[in-house]
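Since the structure comes first, as structure tokens, the remarks are kept for the end.
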Amino acid sequence: MSTVTISVLNNTPSQERAEYLRGLYTKWVKHPGGHWKGPATATVPDDLLDDVGEAMDFMGSIVDDYHEDVRPGYGTLVSDGYWAHGF
């Protein structure tokens, strides 16, 4: 008999991290069409880009694009929306 090792990756954040991500999403993400499942944008300070991008992905607004904002030190994350990604 041989031994097989199975590795299961778990990318689920801790409860504390999930609450942090939800808070970032609520604070920074806007839905121009008025529905949370539609397109989304977030213009944030550069030091928050990674965390807000993670928050958007976590909430289903998968980040599709990024561009620098006209204000120095800010960037804009763009998502086609929850529906556009088949959720």
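Residues in the sequence shown are numbered consecutively from 782, following the numbering used here. Glycine included, each C-beta is placed from N, C-alpha and C at the ideal position.
Terminal residues of the beta strand (DSSP E) in which residue i lies
| i | result |
| --- | --- |
| residue 847 | 846 to 849 |
Residue range of the alpha helix (DSSP H) that includes residue i
| i | result |
| --- | --- |
| residue 834 | 830 to 840 |
| residue 807 | 796 to 809 |
Distance, residue j Cα to residue i Cα
| i | j | result |
| --- | --- | --- |
| residue 810 | residue 799 | 16 Å |
| residue 825 | residue 849 | 10 Å |
Candidates the options, of which the one nearest residue i by Cα
| i | options | result |
| --- | --- | --- |
| residue 860 | 797, 795, 853, 806 | 806 |
| residue 842 | 826, 820, 852, 849 | 820 |
| residue 865 | 796, 818, 797, 793 | 818 |
Identity of the residues DSSP links to residue i by a beta bridge
| i | result |
| --- | --- |
| residue 860 | 821 |
| residue 826 | 855 |
8 Å contact criterion, which residue i and residue j should meet: CB distance rounded
| i | j | result |
| --- | --- | --- |
| residue 854 | residue 844 | Not confirmed; about 19 Å, so no contact. |
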